[in-house]
Structures are given as C-alpha cells and as structure tokens.
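Protein chains in written order, with our numbering: chain A, 1 to 486; chain B, 487 to 972; chain C, 973 to 1429; chain D, 1430 to 1886.
What follows is a short report on a single structure.
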Amino acid sequence: MTPDSIYTKSRPGVSGASIVDHDFALGGSLDDLCAPEDLRDQPIGLPELSEIDVVRHFTNLSRQAHGVDNGPYPLGSCTMKYNPKRNDKLAMLDGFGKAHPHQPADTLSGVWDLLWKLQNGIAEITGMDAVTLQPAAGAHGEFTGLLVMKKHFEKLGEKRKTILIPDTAHGTNPASAAMCGFTCRIIPTNDKGLMDLESFEEHLNDDVAGLMITNPSTLGLFEENIELIAEKIHDNGSLLYYDGANLNAIMGLIRPGDMGFDVIHINTHKTLSTPHGGGGPGAGPCGVKKFLEPYLPTPVVRPVDGIPQPDYDRPEAVGKVKTFFGHIEVLIRAYCYILANGPIGLKTATENAVLNANYMKHQLGDLLPSVFPQNCMHECLLHGGSLEVRGADFVKRLIDFGVHPPTLVGAGCVHFAEEFDEAMLIEPTETESVVSLDFVIEQFRKVAREAAVAPYMIETAPHHASTAKVIHNEAAWMSIYEEPED
Amino acid sequence: MTPDSIYTKSRPGVSGASIVDHDFALGGSLDDLCAPEDLRDQPIGLPELSEIDVVRHFTNLSRQAHGVDNGPYPLGSCTMKYNPKRNDKLAMLDGFGKAHPHQPADTLSGVWDLLWKLQNGIAEITGMDAVTLQPAAGAHGEFTGLLVMKKHFEKLGEKRKTILIPDTAHGTNPASAAMCGFTCRIIPTNDKGLMDLESFEEHLNDDVAGLMITNPSTLGLFEENIELIAEKIHDNGSLLYYDGANLNAIMGLIRPGDMGFDVIHINTHKTLSTPHGGGGPGAGPCGVKKFLEPYLPTPVVRPVDGIPQPDYDRPEAVGKVKTFFGHIEVLIRAYCYILANGPIGLKTATENAVLNANYMKHQLGDLLPSVFPQNCMHECLLHGGSLEVRGADFVKRLIDFGVHPPTLVGAGCVHFAEEFDEAMLIEPTETESVVSLDFVIEQFRKVAREAAVAPYMIETAPHHASTAKVIHNEAAWMSIYEEPED
Amino acid sequence: MPADILTGYNVHTDADRAKMLGAMGKETIADLFTEVPEHLRVDGLLDLPPAMTEWQLERHIRELAGRNDTTIDHLSFLGGGAYEHHVPAVIDAIATRGEFLTAYTPYQPEMAQGILRFLHDFQITMGRLLGLPAVNCSVYDGATALAESAWMTCRITGKKHLLIAESIWVEYQTVLETYLRGRGVTIEVVRSDEESGQIDSDHLSECIQSETSAFLFQSPNRYGVVENMTQIGNICHDQGIMNVMASYPILFGLKKSPGDSGVDIAVCEGQPLGMHLNAGGPYLGIIATKTEFEGHLPGRIVGECNDLKGEDALALVKEEREQHVARHEATSHICSNQANLALRALIYLSLLGERGFRNVAELSARKARYLEQRLTAVEGVSRVFSGPFFNEFLLNLPRPAADVLATLREQKIFGGIPMTQLDPEAPDNQLLIAVTETKSQADLDHMVEVFAAAIEI
Amino acid sequence: MPADILTGYNVHTDADRAKMLGAMGKETIADLFTEVPEHLRVDGLLDLPPAMTEWQLERHIRELAGRNDTTIDHLSFLGGGAYEHHVPAVIDAIATRGEFLTAYTPYQPEMAQGILRFLHDFQITMGRLLGLPAVNCSVYDGATALAESAWMTCRITGKKHLLIAESIWVEYQTVLETYLRGRGVTIEVVRSDEESGQIDSDHLSECIQSETSAFLFQSPNRYGVVENMTQIGNICHDQGIMNVMASYPILFGLKKSPGDSGVDIAVCEGQPLGMHLNAGGPYLGIIATKTEFEGHLPGRIVGECNDLKGEDALALVKEEREQHVARHEATSHICSNQANLALRALIYLSLLGERGFRNVAELSARKARYLEQRLTAVEGVSRVFSGPFFNEFLLNLPRPAADVLATLREQKIFGGIPMTQLDPEAPDNQLLIAVTETKSQADLDHMVEVFAAAIEI
Ligand SMILES: Cc1ncc(COP(=O)(O)O)c(C=O)c1O
Ligand SMILES: Cc1ncc(COP(=O)(O)O)c(C=O)c1O
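Written out as structure tokens, the structure reads:
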C-alpha cells in the first residue's frame, strides 16, 4: 500500500508552529497591500498538523524509501556510491548555511576560497583550464557548455547549427542541444558498442558545431577511438563535448582534457559523491579549455588581487544560467570529497569502480552474458534475453531481496537502442565491498533460478514492497520499449 | 528475525576511518609505555567495516526500533511525549558540544547562565528553593535527594534509618534508599488506590527519616491526603520526598513544594521532553527547600558577584554524585522545552495529558474497566481481567497494529501489587491528538474482539514484528508475576 | 597500495582486489583498462593535495566557514530574491534522513512510495497555494522556473515574441535571455510606472502584438512593489496573450492565489519555504499552471496509478514530455531537479499550516511597515515608488547607499541591498530593505537608530 | 485558550477538548482535577517567561552558546578525564535518528531488536576491548562506574574495607565516597611512589587486611602515569583481594586488555569513544568483569534468547539483579542509563576498526611524546613523575601554572589543567597536559613557542 497523503492527517485549525510576536498584533486588515478583493478570503487548503504528527508522517514515509544508506543500489549510469556523512555535516555549517548571497562579497571570503579551490580541483581532475560551478545539475552543465560552444562560433562568425550525438547518449544531451537551438544528428553504435566511425565521418561537415559524447559511454564501454575522433572533430573546426556523467570510470586515470575534449560537465552527485536527494539537488560544474573561458557565465570566481571573489566583469559571457553562484551546499560536499580522497583515493576509487563492474559481469556471465566482449568500465551491460522472463520483470523481483534494480531501458534515465531491449546496465560503484557484490550476485542468481521454475513469482513481483508492481506508469516507457502498433 | 550482529559483517583488515598523520610515523615500538609483555600483541577483535557498511548496518538497525517519532507509545509511567527536534538541534550547537568541562569557568558563561536559569525554572515549576542539575537520571536524583535527607539528620545529630515507601513505588525508590543505607518499610495501598493511612501512621516513628512518594502515584491517582500526610511527616520530624516521574500530571497546576514536599527529583526525559535515547541518557534534577540547600552536591551553579558560575565552596555538601556538572546536552533540551512552552504551554500540557488519559479510560471502559473509579491523572490503570487472554499476551498483539504496548506488571519498570496482575497502565501523553487516541483505542478494541473469537492469534502475537514473541526473558518477570512454586 | 595509505572511501583490501581479479583470471588492475590509451593517461597522480583525515578536513572547512559573516552574527535586512524566514528544525531533521537524502529519483516506484508521496503532496500543496493545479516536482530555481515557463508559453501558443516587465530581478532577466537566446525568441521590455513602480498597463497594452505569446512579470517586483495581478491578467487575456507571474510564495498567505487572479503560469523561488540561505543555493524552482497546459510542463510529474493488485500507487507519469523519452523534442532538458528541497517546502507548509503560514506573511508585512514608517521619518529618506509593498521596500537616501551600509556594517548590520548591486544602472542612493518575521521590535528600533545616525554623518 | 495563543507542543484545539470532555460527560477540564486540593493549586500561571517562538528560542540559545569559548576556537590541551578525540560525523548522523533517539528502554523486545542488537554488540565489544566478557548496557559515567564496581566487590567478597589509590581523579574519589558512605564501607588510601608516580606497591601490600574487598586504582592515573596493572593484579590476587581498574579506553589500542593483565573489574569513562565534550556530559560509564561476577553487575544486560518460533532473539535478561525486580536488594538503583552513548561508542569502534583504533592510540601517544620532549626542553620545565605516560603528562613549571595558562589563553590556547583545579592541595606550579590525534605538528610547535615565551615572562 502506498502511504497516505499528509492531507488525510490534516485537522482543521491545527498549526504545529506558533507564529506570533506580542509586539505586533495580528489579524487586522492589511488593506494597503492590494485591492480588498485581491486579499485572501478563502483558506489555501494547507495541511494542518501538530509538530509530532508532521515528524511521524515524514519519518514513516522515509521508511518507504531506499537509499544508498539502506543497501546496494547498482543503478547503471547513476553512480550510487556512498555519500559521506562528514560532507553533509560540513556543508550544513552555519558559516555557509546562514550566509546570504547578497552579502557584500568581502564578507564571504570562505565561500569564494572554497569555490576557487574546487574549480581548480575539478580542472585538475578533468584536465580543463577553467570551470564554472553555476550549473545546477548535469543537464544544466550541458546547456552551459553548449552555450559556450555556440558563443565560440558566434565570435568566429560561423553559423554552425549541428550537434552530433551518439544514439546511446543520455536524453539530456539532445534536449540541451535543442534548447540552445542546435539540430541533433544521431550517430549509430557499431557492433562493438562504440560510436560508428563511418557514420560519424559522413555527418561531419561545416555545419557541425560539435560532437557530444560520454566516455565511457552509457553502455559502459571506453571509446577507444577517442583520439581519432578528437582529431577529426578539430580538423573540422568543431568542438568536442564531454558528458562527464561517467567520469567515475576514469577519474585520476585519464582526463577528458587530455583526450581532446574542449568542453565538459561533471555530475557532482555521481562522481563526487554528493547525495541524489531523491532526485536532486545535484550540481553540474562545466569546464572548458582556455580559449573558451571568456564565455563562461557570469560571475566566475577567480582571484582578483590575489583574493578569490566573484568577477562580474565578463563582457563575453553567455549570460547566466541560474541565480547566484551555484548549489553551494552541494559543492561544499564535492570539495570535501576531493580532499578526503586525495589523488590516491580518487584513483583507487576509479580502479575499484571498474574492478567491481567487471567482477559482476564476470560472475553473472553464465546467466546474463555480457553484451560486449571487451572489459567494461564502471558499469556493465548484461543481456537478459536468455531468461525465461522479461528483464523488466526480472529486476522487480530483486526488490524483494533488498537489491535496487539495475537500469533497464527506460527504468532509469538511459536510453538504449532497440537491440538492447532486454539488457541491464549494472553499476555497482567502488563503495560496494566484495561481500556486498557477492550478495547482489547471489540475488540475481536466485531470481534467475526462480525464473526457470516459477516465472509467475517474478512476473508478479515485487511481493514484499510497499506496493505490488506498479503498472500504470509503464505506458510511457512502452511507447519506446515496445514500439506501439498504432 | 533479529538483525545480524555487526560482527557478522566484519572484514579483516578493513578500517572505515583513515587515521594517519604524515608527520608522525606509525607502527614503531612504543616501549616506554609499559613492559614489553604488557604491550598489546593480539588484536582486540573489533568490528572491521568500511564507512558505508557501518552506516548501512546501523541505519537498518534503526528500522527495527520504534520511537515516539514512529507512532503512539502509551507506555505508562514513561511519559513518551514528543521530543522536539529544535531541542536536539540547539543542544548540539558547537558552543556547548565542543566546550571542555575543564575550561576556565569564565569561558563557559553561556553554560552557567543556562544552568542557572534552568534551575530557577525547575524550582518555579516544582515549588522548591534550590535545584541541582548534577544527577544523571531519576534514580540518581532520588539518590541525591536521599543523601541530602540523610545529611540533614546527621546535622541534627539524629540517626533515623527508615524510609517509608508505598508498595506502588517504582523500584528505584527502595533501591536508592538502600544505597544510602536506609531501611525501607513498605506501606500498602488501600482499595481506593491510595496510600493506606492507617498503616502509614503505624510505621511513623522516630526512626523514620522520610516518606518517598510519587504523586500522582504509579497507579495514575492523585494522593488526595497529601496535606495530611505532609503534616504527619513533619510533625514526626521526618521529611517528605517527591518522586517527580509523574510530574507531567500536575505541572503548572499544583507544585510539590506547595504540597509540603521537602525534597524532589524530576525526570527531564519524561516531563521535560528530553529523548529517552533507547534507555538514556536522561537527567534527574533534584530540588530542595531552602534549609536543605547547603547539602546539595558540589558544585552548585549560582551567581557570584551577579554572574552565574559553579560554586565549589560547599563544606556541607553531600559530596558529588557524578563527574562535572550533569548531563548538559540533555539539560539544554529541558531548558528549551520550558521556554518554548511558557507557563501557558506547560499548564495546557498538563491539562491535555490528564484529559487524554481520562478519555482513553472512558472510551475503553466497557472492555477494560478502570481499576479505580475516580478521575485518573496522566495515566489510567485498566483492568484486563475480563479478557479471554492474558494481559501480557493482549498487549503483544497491539504491536502488530503499530501501537507500543502499555505498561504491564514487569513489562516496563513499574511494579504493581499482586492484585493488579492483569492491569495495564496507559499513559498517552498530551502530544497525542484525539485522532491518534481514537486510533489507539480502536486497536485495543480490535484486539479485544479478536480475543473473543481467535485467542490463538493473540497468544502467539506479534505476527508482524521483527521477531515472534520473545519468551526467554519472561523468566525474570515470572518470578514476580506468578510467584513461582519453588 | 599499502594497507595504511589513506584511500578515501574505498572499501577493498589488497586481498579483496587480488581475489576478485583472480576470479576473473586477471592479474592486475591494469588488465581491466586495456581499452584506455596508455599514452593519454595521467602520469602518476593528479596534482591535488594529499588526502585529509576527517579531523583535518573538518578543521579546514570550519576555517573556511568561519571566514564568512552570516545572518546570525549580523542583523540582516537582505532580500533581493532570498529571504531569511525561520527554518524550523524539523525540516533539517527529516530532510537529511538517509533514506531521503541518498535515494535516486524514484524510478522504481515499488521501492520509493515514500518519496513519490512527498513529491505528490508537494505538487498538490503548490497547486493549492498558487491556485493552479498542474505542478511538477520542481526545477532548479526561481529564475529557471521563469525561463522554462516562458518557453512553455511559446510552445503552447506557437508564438515567439515575449514581453517582460522591466521590474523583474535583473538576474532573472539575464537567465531568461540566456535560456531563450537559442530558441529564437524575441524579448521586449514593458515599462513600469515612474510613480507607483507598478507595470505601466498602457505600455503593456501597446506592446502586445499578434506574435506575442505571453507577458512575464514579477510581484513583488524588484522594487518590492506588489503588482495588480488581476488587472494584468485581464489585459493579457483581453488581448489574447498568456501571462506568467514570478512571485514570493509567502505573499499568498495574505493575497489571493495567482490562479484565482488571472495568472496562467505562476512561478516561485521556493527558498523562503524552509530553505537555508546557503550563500545562494540550492534553492527551489516552482511552476504551477492550468491543467490544460500540463503537457507542456518541464521535468518530472508524479501521478496516481495502480499496482498489479489494483491498489493505489504513485509513480512518475507523463514522461513522454521528458528528455529521456522525447529527447530533443522534450519540453525541457531537466533531469535531476530539487526533490529534497521540495520535501523541505512541503514540511515547512505542513508545520505551519493555514494559520501559521498566514501569520508568517502578516508578521513579515507588519514588521516591514513598521520599519518603513520609522525609516522614512528620517530626514531625506523616502520611498522611491508609491505602489504597495509586502515585506521589501526601496528607499531613496540622501547619500549613496554604499556609504550608509558601510556604517551599518560596523554595527554588524546588513542594512539592505544597494540597488546598484542588483542593477549597475540604478541610482546609487537607492536601498532595498527586506524584513521577515524573525526581526523583533528591538531589532527594528536598533536598525532605525543606527540608520538615522548613518544618514546624518 | 484563544486559538492564537502559543501552546508549546500541545495538539488539541478547543474543539477537540470540548469533544473529548463531552464524550466523557464532563464540562470543563477542571472536572478532571477534582481530586487535587483547590487551595494548594498554583494561583494563575507559573512565574516563567512567556512562550518563545522557535526563532526567538534559537536566537536565545545561540546567544548562550556563543558566549562559551570552545575547543574549536582554542587550541586545547585539556584532558583530566575528558578528551578531545575526533568524533566522526557518522556517529551524529546515526545516533540522532528518531527511531534510536526517541525510543524507550527496549522493554518490548519484539519492537526493539535494533536497539537490543546494538546494546548487545556494545557489550561484546567492550568485553573484547577490556578482556572481560561480562558487560552491562552502561552506567552514568566513569566515576559512577567505579563506585558501582566498588560496591560489587563488597557484595562479591562480603567485605567492606576498600583500598583506593591516591592517584585516581579527585572527583572520582569524591563520587566513590559519596556512593559508599551509606553502605558502611571504609575506604583507605594507598600512596603513590614519589619518584615514579605509580602505586607504591609495598604500601599497597601493607594496607591489605583480612576485611579488604578490593583495591581500586586508575591507569593512566591522575598524573598521567600508566600503572603496572599486571604487578598490581598479582599483589591483589596473592593477598586475596579483588582489584578494580579505571582507565582510558583508548590506551588498550596499545596495551593488553585489563582482563589479560589481572584486573577483575575494568571500568572506563567512555567519552573518548565518539562522544562530544558537551561541557561535561552526558558521558558513558563502562563496566566489564569476569563471567562469574555477572550476577553482581548493576543495570541492564542484554542477552540472547529465543522467540516463540525458536529463532534467535535478544532481550533484557538477568533482571533479577535490577531495581524493578529486586527493589531494595538490587545490585544498584540504576534504571535509565546511557544507551544512546553506548550506541555512539559502538559506532566509533566499528568505524575505526582494529587498525584505526590502534592508530588513534598510537598517534595520541606519539604526539604527546613529541610535545613532552619539546616542553621539557624549556628551561625550568620538567616532568613531575618519571613513570610512563600515554597521552597526558604532568609538568613542573618554574612559575605558577595559572599565570602561564593566562598567557596562553591570550593566544587562544587552553594549555592544560592546573593541578590545583583538580586537587586544591596540589602545588600551584603543576600543569597537566593532554594531547590527542587531532593536534598537528604545527599545533604542537605553536604551543611550544607560546609556552616557552610564557614561561620566560
Ligand atoms: C550520461 C548522463 N548524462 C547526463 C545526465 C543528466 O544529469 P542530471 O540528472 O544531473 O541533469 C545523466 C543523469 O542521469 C547521465 O547519466
Ligand atoms: C515513578 C518513577 N520513579 C523513578 C524512575 C526512575 O527514573 P530513571 O529511569 O530516570 O532513573 C521512573 C522511571 O521509569 C519512574 O517511573
């Protein structure tokens, strides 16, 4: 059963908070505010509960949620790694939390210093020259980066309007490109799971502003031809964009900047361990090579007379993508993560993330063969086609055994081409121990065994969750999942 | 199933915390510490887990616990009221949490000021003249108060060795008295549920140091003869001790000091809303009338030259009952509670606590008749004798319906005389709304209906808890519950 | 990797790694990275500071935090889009629970009914507050909410000429332009009345063209002046365009909801609803509109549906609008949103309830009035505009605002925002002052005293 | 009670109260209080400040908190029974979860397996750390743990003459005397060796009488000197008495456990294991002993048992020792204990694990040695005793300690505890200095520099 709405617990006239000030009488008319007919004359219809009832309602709601804190969460492309508690605590210090963004800049030197150091840290990790921390999430980082690219061509007096995007790209890539007014051309994936080079070259012409890729891709594969691709893109006068959602596979090992990328974004809520919060907030820092720096949105934080501070004097900037300076509370956590790890910790994280994915792939290989033969990176794409049940059903049964389902087409925000209909994208992350991985593997095997003898148990799963299988919302997916007849 | 021990998750060689300082090499010998054979040569056998595994283990343990935050908790004599979140937050401010008790006193003026104001607040609520905040819990407050009484008679040169205690008293009362070297004489309860006056007077002689009572008693009844009792005690040269565990029934309405009590303790974790913490820490401030003030333990906080601070110059004090100044982090919450309520809030809390208990008593009256006819105070004692099942089984079934069982003989820390074997002590507290009370009442009725048709369901309850009925631990109770044959 | 080296949050021992590699028939970690070109790899380690222990990190971050002044060590009258309303402790206690904080977007509804429920209740609650029932799970902030809504109107109307009030926050206007530049939308600015500070309705009427999709305005606007939403709604509807209003959600404790006053899309910066100031973010973008426009909303929407047993359940719905389904045709690119802050807003409103919410609004307004009266009684100080205000007002000072503020700062008062900080072209003697329920009368009197002295210097 | 009046955390509306009274056939609240004598009642309201809103309260408490100096704004070398070890953030995050914080004692085991489990694991862990398997769920603090243990030895041996080392914290001695005064126990003090600061073992032997139940000592003692527990254990056992050792739990990262070195009952102040300093409390009293003495332990014990299905379960056991069963014959009066802090200690040790715990101990010891060497290199400064120390040591200064500390305070250093503060009879030139892993070399060097200058003034 889905938990009750808070409105079912509302009791008219109750207020959990006492809002009063004896020096200011309440309830008289405030007719200087607007025309009398515009004053509120009906209740809003807010929930009305005592404080204890609010606490109980939400405490009990939380018990119908599953986070990384509760158990393994191998959701491919989402990097559900451990979110360190120390980061939560430090991000919520009053010295940040109670600071107003309109305070005089010189009263916020701790904020600027932190942002400046974080920018440098991200620049070092990604091999870029300048970073803006303004974007609110990955998609927002993409948007920012694409605007920068657009500006670049404007400055050059070129009117390039095409962005090339592999078909495995995350949905935000084409959506962000469209928002910038670009036209997307989709490059197919070859049978090795990599971008089809031939098609790529065919599409490359002087209208191409850039190519936007994720490396490793959302199939968990490293784009081996990246150097060649970069060369061709640059030879064409185009730019190379790096969607950093999968940076967790290469952090400390190889840098987008060194691979030839001109613009990148990263998702702090993936690689840099900031919590997903049930959907957000995240942060999507965007990094660029030096020649694009002038276009980063206003303000950038940089030292002026040696003291980091926001610099608003940016005549070339693309504008602003949101208010103020970015998701400070999230960014503090990202900064803490980098410092707590240090270069060895970050590199080890990458190694272990890749080790874990390959281990899962290997241990499940007999049941769920890997779609591609080569090493996977931080996530593996396994083929569910030989199962007696649909992949979408299979994974629901995992819920009964305490494992969050991996990503399936649609059941996550990744889009796979049709031929991967039954594929599962599994990203264990480096913070799962081998004991935890073996547990997850065992649950997969358990479900597979059950599929052979009692498929009905799987088709009707989950059985121990707050609700039975939710059916209605599949409609939307079905439209891409099953290619509807109409 | 009981959750696994953390040791089942231990992985040799793992440490969730990185403890290192590159300026200080680790691992060499530290042979100046002790004889080589006294150095540790074997591992301790601590749990070894990564940080995420620690977080998951304890997060999931918490989900097999039930607090006030989860639902109704009508555990008689325990005052499971709402524990305000603002108090937790404020009690944990660094200005308190990071202060060392051995700091120079003048660097802790905020602490002293708070303690001084809290002492005054408690004195005002209880009608006493001086309060010490040193005791760690209710039992500790009793011990402190009894030591003060003992000192009083020492000073008078009297050797009184008897403490009178009603049979309904909480176990800590006789236990604390015994620790002070007093002999306990038990006064029976009369059929109105009050202290038997005749027996009381019989026991009153010149060896009696004092009478220790809870008012309302642990039967939830107000001791109507309190004035008479006080008079007789004082006429006898004895002192009257108030166990304040049930202060929630009278706060703001009538004060122990005004009823004639000389010494009191209160439980902040009951009346003043500080959390029980799964068993503690609480705090047990002890208050006294002026003539006993010199005996309060060292130090007392009081203004010296107008500035509150700890005063160690107390030649008459009973000593010290624990290190430092008391449970500061708990006491801050108690202080916040008083301030957030103000006098009206506190009084209303009392009214509503008593209203709620009487309402429960009334609404359940047909099923579980009240043991006593008069109004109850903050808790009601209901008779389970007419049920088809044992009370001890009855209440376990409530667990399946989300209600924490009330107090039964033994199943809580209250002792009832034999004739109340099947009685249930229900204390809803004032923070349960009428909706919540009606819910609890409905669950009681549901179980009672079930008892008539399917007693087996009740005898084998709970059915939806982490474990089935736990049997082993009843042994201890049985010895008082069933008066064993042997 | 010797056992004692700091390895951040990594969990494997050397033995674990060896065992896992062994199981795969591999020898070294390097064997897993054969696809990654050797010559491009980082040579050695990244140039980052060595790992810090938790206590070193805590000390470093505390040192940074300690270098910021804040609204708790200063008496603050700063507003300008972010307001210091009290944040009840319950919100932090609940919103940071691990189950909420460390969960992903509720893609697996069976495992996430608790999250779906608060998102759904958030949608319902915002729908009621704003009088417009179609609400999504949030967007990044107030400015992007406005920008997303602007594009919604273009999609809905098929037109690409937008009117915006010149009195919206300059920053919002910049974001709007940044968002729409690539969409081929033209933006034209509607003047405010010089006297009242409200929208010049004649000018608005004049600006409306056949290609105009909507008029976007803000109330209270950047001068703190409350707009006449009913009148604006009428003009827009009479002339066949939509209207979008950005506003301060607490205002609707006193005023009718936008949906009841002719607004088609209402957007808010949700920060005042239980979010800490956080030096600027993360905040909460709220969008509410009429049911008929729901299909054009950006981002996630939670809806009611059923489970296999036919029982009620919640899930993400109408995903055909979203980037992961519609890709380049999506209503927006937004994916991660501000779910945890939507939770905060819902807890905030649940705690306050009808009465508490109204009281916060009224106390803020009354205290602002008290301060405004006392400050304008100071020689040479007056309001810039005569239009009504809620809890923020713009003053003309006899001296540059920056000078007055500098003096106030010496007394640990953040006395407001100099208008030049929001808009470099504004006169330098204008000061924007915001007041919330958290200021006591003594605070306000103290401000008046120090302010009056600062004016006189 | 008009609707708008503050009523704290009360939940009833007037209508609710009327409805409930009506259901009972009562008219007013007063009808419920007929048993309470009218003339004794409070006349009107208590004389307390009017209710504060949450923001007023927060401001007031922050103001009080802000008036305290702390170990984060000062470089602190304070110890004396409470130590500034780092408290990992995980502990606060977990221990404050509502399910743990707002639960009662686990009297209903079916609803409290999570709590019972951590208490049971706490018992096991303390048993291992101290090498003595019988452990309870905690007592109030280190001092009451010592006092309770002292009484245990009297119960066990049936004797009432106790020996205590003169080198235990003076405060512990006071608590011990306060606890035992009523029990008719006599207490005699065993001297320390003037040179080493360790127990004078000859004197100990001499003091043991036929009526002696036990010898109680502390290691590291109040001079920071580590005692030779094996030797003491031998003397006690040879002469037929028990021994009880109070200690600093972190020491056992480096040293053998008390149980392996002849200690019969080990008690600790658990504060160093993940508890904030909290200006003195709440802390954690730990008692561990041999299995044979388990029946004499005070307070709660969690044990393994079964449920109706025969499956493992945990519950409170051996309650026949406790006050609610044994009443005046109970081993102790303790009821509420320090469960939430036992949880903290268990989380602390689980996070550190074997290696981390050892490293905390070793770093503390090494840093203390570094500081001790540098400080005793200052002219006129020397250790008072020659015995070994762990992380706290006592210095003789050429000037009154209070003067030196005053100078250090000007530089925001809490330089240690003047011995006179712990023991009014101590010489005024003795200073007790504690060092934990949290101090960097730069901190220690800074301390040396400021200290040396202060000595010279
Ligand atoms: C490959 C990829 N790109 C972009 C995104 C979008 O990031 P965000 O949700 O932070 O906007 C995601 C998120 O799932 C992703 O996996
Ligand atoms: C009547 C009574 N007295 C004393 C106590 C003991 O208090 P504490 O557990 O705080 O030691 C209790 C606790 O349950 C009680 O109910």
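Just so you know, even glycine gets a beta-carbon here, dropped at the ideal spot from N, CA and C.
Taking the alpha carbon of residue i as the reference point, which residue from the options has its own alpha carbon closest?
| i | options | result |
| --- | --- | --- |
| P1649(D) | S1625(D), S1639(D), L1469(D), H1666(D) | S1625(D) |
| Y7(A) | F324(A), H57(A), V148(A) | H57(A) |
| T1043(C) | A1054(C), R1034(C), E1035(C), L1036(C) | A1054(C) |
| S1139(C) | V1197(C), T1392(C), E1026(C) | V1197(C) |
| A1251(C) | C380(A), I399(A), A99(A), A178(A) | A99(A) |
| V1864(D) | W1598(D), E1791(D), T1760(D) | E1791(D) |
Which bits of chain D does residue i rub up against, with CB to CB less than 8 Å?
| i | result |
| --- | --- |
| R549(B) | E1528, G1543 |
Could you work out which residues of chain A lie near residue i, taking near to mean beta carbons separated by less than 7 Å?
| i | result |
| --- | --- |
| M992(C) | L355, Y359, V434 |
Along chain B, in chain order, which residues have C-beta atoms closer than 7 Å to that of residue i?
| i | result |
| --- | --- |
| V440(A) | Those do not exist, as V440(A) stays about 13 Å from chain B at its closest Cβ, beyond 7 Å. |
| I52(A) | Y568, T917 |
Anyone know if the C-beta pair for residue i and residue j falls short of 9 Å?
| i | j | result |
| --- | --- | --- |
| K320(A) | V1147(C) | yes |
| C1307(C) | G138(A) | yes |
| P428(A) | A357(A) | yes |
| F488(A) | M424(A) | The requested residue 488(A) does not occur in the structure, where chain A is confined to residues 1 to 486. |
| F1843(D) | H1514(D) | no |
| G1710(D) | F810(B) | yes |
| I750(B) | L1558(D) | no |
Output, in chain order, the set of chain C residues within a Cβ distance shorter than 8 Å of residue i.
| i | result |
| --- | --- |
| V208(A) | Result: empty, since nearest Cβ-Cβ is about 16 Å, beyond 8 Å. |
| P1517(D) | E1026 |
By the criterion of Cβ-Cβ separation under 9 Å, what are the contact partners of residue i in chain A?
| i | result |
| --- | --- |
| K571(B) | E51, V55 |
Which residues of chain A have a Cβ atom closer than 8 Å to the Cβ of residue i, listed in chain order?
| i | result |
| --- | --- |
| G557(B) | R56, N60 |
| R497(B) | S433, V435 |
Complete alpha helix (DSSP H) runs within the stretch 800-881 of chain B (minimum length 4 residues, chain order): 814-849
Beta strand (DSSP E) runs contained entirely in the stretch 1050-1130 of chain C, provided each spans 3 or more residues: none
Complete runs of the beta strand (DSSP E) confined to the stretch 647-680 of chain B [at least 3 residues]: 648-652, 669-673
Unbroken stretches of the beta strand (DSSP E), 3 residues or longer, contained in the stretch 1797-1869 of chain D: 1821-1825, 1859-1863
contact_flag[the stretch 279-286 of chain A, the stretch 160-169 of chain A] where n(CB pairs < 8 Å) is 3 or more: Proximity of the stretch 279-286 of chain A to the stretch 160-169 of chain A falls short of the contact definition, fewer than three beta-carbon pairs being nearer than 8 Å.
The stretch 1730-1749 of chain D in contact with the stretch 781-791 of chain B per 3-pair CB rule at 8 Å: no
Any alpha helix (DSSP H) of 4 or more consecutive residues that is wholly inside the stretch 1293-1322 of chain C: You should have 1295-1298.
Cβ pair count under 8 Å reaching 3, the stretch 649-663 of chain B against the stretch 693-704 of chain B: In this structure the stretch 649-663 of chain B touches the stretch 693-704 of chain B; the number of beta carbon pairs closer than 8 Å is three or more.
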